[in-house]
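Numbering (this note's numbering), first residue to last: 450 to 780.
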Amino acid sequence: MAHRVLIIGGGSIGERHLRCFQKTGAADVSLCEINPELRTRLSETYSLSGCFGDLAEALAAKPDVAVVCTPAQLHITQSIACVEAGAHLLVEKPLSTKLEGIDELLRVVAERRRIAGIAYVLRCHPMLWGMRAAWQRGDFGRPLHVTVVSGQHFPLYRPAYRTIYYTKRATGGGAIQDALTHLVNAVEWIVGPATAVAADAQHLALEGVDVEDTVNMIARHGRVMATYSLNQHQAPNETSITIVGERGTTRYEADASRWLAAREPGAAWEVQDSCTLERDDLFVEQARRMLSAVAGTAPVTCTLEEGRQTLRVNLAVLEAADHRRWVDVGA
Ligand SMILES: NC(=O)c1ccc[n+]([C@@H]2O[C@H](COP(=O)([O-])OP(=O)(O)OC[C@H]3O[C@@H](n4cnc5c(N)ncnc54)[C@H](O)[C@@H]3O)[C@@H](O)[C@H]2O)c1
Numbered sequence: 450m451a452h453r454v455l456i457i458g459g460g461s462i463g464e465r466h467l468r469c470f471q472k473t474g475a476a477d478v479s480l481c482e483i484n485p486e487l488r489t490r491l492s493e494t495y496s497l498s499g500c501f502g503d504l505a506e507a508l509a510a511k512p513d514v515a516v517v518c519t520p521a522q523l524h525i526t527q528s529i530a531c532v533e534a535g536a537h538l539l540v541e542k543p544l545s546t547k548l549e550g551i552d553e554l555l556r557v558v559a560e561r562r563r564i565a566g567i568a569y570v571l572r573c574h575p576m577l578w579g580m581r582a583a584w585q586r587g588d589f590g591r592p593l594h595v596t597v598v599s600g601q602h603f604p605l606y607r608p609a610y611r612t613i614y615y616t617k618r619a620t621g622g623g624a625i626q627d628a629l630t631h632l633v634n635a636v637e638w639i640v641g642p643a644t645a646v647a648a649d650a651q652h653l654a655l656e657g658v659d660v661e662d663t664v665n666m667i668a669r670h671g672r673v674m675a676t677y678s679l680n681q682h683q684a685p686n687e688t689s690i691t692i693v694g695e696r697g698t699t700r701y702e703a704d705a706s707r708w709l710a711a712r713e714p715g716a717a718w719e720v721q722d723s724c725t726l727e728r729d730d731l732f733v734e735q736a737r738r739m740l741s742a743v744a745g746t747a748p749v750t751c752t753l754e755e756g757r758q759t760l761r762v763n764l765a766v767l768e769a770a771d772h773r774r775w776v777d778v779g780a
């Protein structure tokens, strides 16, 4: 039987989730969106099983799964309402802009025995998955040093950036909460949680906004040392994560959709695996995995606790950049 999936917020990522849950072939999708023009367009484009302007009304229809795709400052309140109404939960990143309310959300999720995951979609990338599996098997020994380099021309991919959540930190905007968070979460998934950070962040280039669009961050993930360099205005769209271990080095390249390894000192990179992906593919995979988690046949790809940990890192990076000092991430 199809899962009844409610998408909350039909903006850029909400529309993608809507389409990608439909592409699983295992979901009847409904929508809750406060903007009436958007509601009309989406209900004309997709065959929706319901379309609502109000969350309470949408939840009264008893969806099995709610996917929270609104700006980040709304995520916790809406998530609690969804779980209280009996829905399993997939929440877009970042989990929130603050830590308030998360204990309550965890409590409600446990009490109602619901499945809850955070949509850090890189965890569904088959190449990152493959590289992580190699580290987990111990192929390269203990990880020691991580270098993340990432950039893209954000206005090209998100022309509306001047009018959305991105414009303010309070709504989850700026490079740290919007983009860096994906990479921090991915690295935490492979080498463990970030424990301390120092950062330099600045608005350098994007017109019409004043949030940081460029960030350099150094971090400790326990004993592992890491450096992250990210901007949202360079010409090529590229991201790499290089991990140096005791017995070799690996690199994930998002743009080429592949991962590489070099096992001996002085050795050249060898491609370990590669694939071709359409833009929706990771999101369809994420939707499939969420539905499998709900069916009890697989774990969620990113737990609420892991989402909270990455949120703590976001907040620590903002503090480190603003006060120009090291900040412990804390627990
Ligand atoms: N995983 C990814 O790759 C990815 C990509 C883009 C955005 N995101 C995240 O997804 C979230 C949304 O981003 P977006 O780009 O879709 O933003 P957006 O501005 O395009 O869409 C947000 C939508 O939520 C609607 N909304 C606001 N309040 C609402 C409410 N109370 N009830 C119902 N709908 C409401 C707005 O009208 C809007 O249509 C953010 O947290 C963002 O960081 C994730």
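Where a beta carbon is used, it is the ideal one built from N, C-alpha and C, also for glycine.
Cβ-based neighbour list, residue i, same chain, cut-off 6 Å, excluding 5 preceding and 5 following
i    : result
V558 : V532 and A565
E702 : S689
E482 : G459 and R488
S671 : Residue identity differs from the one stated: residue 671 is Gly in this sequence, not Ser. G641 and T644.
I692 : P592, V595 and T699
8 Å Cβ cutoff met for residue i and residue j
i    : j    : result
M739 : L508 : no
D704 : N686 : yes
P677 : L629 : Looking at the sequence provided, one finds Tyr at residue 677 rather than Pro. Yes, the Cβ-Cβ distance between Y677 and L629 is below 8 Å.
S492 : L455 : no
Q735 : C573 : yes
V743 : H537 : yes
D669 : A643 : Checking the sequence shown, residue 669 turns out to be Arg, not Asp. Yes, the pair counts as a contact, with Cβ atoms nearer than the cut-off.
T698 : W708 : no
L554 : I529 : yes
D729 : K472 : yes
D513 : R453 : yes
F603 : L653 : no
A710 : Q721 : yes
S706 : M576 : yes
A421 : A505 : Because the chain here runs from 450 to 780, residue 421 falls outside it and cannot be looked at.
E661 : G621 : no
L760 : S545 : yes
Beta-carbon separation (whole angstroms), residue i vs residue j, contact threshold 8 Å
i    : j    : result
Q408 : E637 : With the chain represented from 450 up to 780, any question about residue 408 goes unanswered, as that position is not in the structure.
I625 : L767 : 6 Å
F589 : E755 : That belief does not hold up - the Cβ atoms of F589 and E755 are roughly 23 Å apart, past 8 Å.
I457 : A515 : 6 Å
Close beta carbons around residue i, own chain, < 8 Å, minus the five adjacent residues each side
i    : result
W775 : A645, V646, A647 and A769
S461 : R607, A609 and I613
L632 : L571, V597, S599, Y677, L679, T688 and I690
Test: residue i CB closer than 8 Å to a CB of chain C
i    : result
C573 : Here chain C cannot be found, since the structure has a single protein chain.
Contacts around residue i, its chain only, beta-carbon distance under 7 Å, and the 5 residues preceding and following it disregarded
i    : result
C500 : S479, L480, R488 and S492
L731 : V570, C573 and H574
T616 : G622, V658 and V660
Mind pulling the beta strand (DSSP E) runs of 3 or more residues that sit fully within the region 472–554?
476–481, 499–501, 514–517 and 537–540
Along the chain, which unbroken stretches of the beta strand (DSSP E) at least 3 residues long are found entirely within the region 586–654?
592–600 and 645–651
Who sits around ligand 1, taking every residue whose Cβ is closer than 6 Å to one of its heavy atoms?
I457, G458, G459, G460, S461, I462, G463, C481, E482, I483, N484, L487, L504, C518, T519, P520, A521, L523, E541, K542, A568, V570, I613, Y614, G621 and D627
What are the uninterrupted segments assigned as alpha helix (DSSP H) that are 4 or more residues long and contained completely in the region 703–751, given in chain order?
730–744
As an exercise, report each continuous alpha helix (DSSP H) stretch of at least 4 residues that is fully enclosed by the region 752–778, in chain order.
753–772
Can you check the region 560–587 for any beta strand (DSSP E) of at least 3 residues that lies completely inside it and give the ranges in chain order?
565–567
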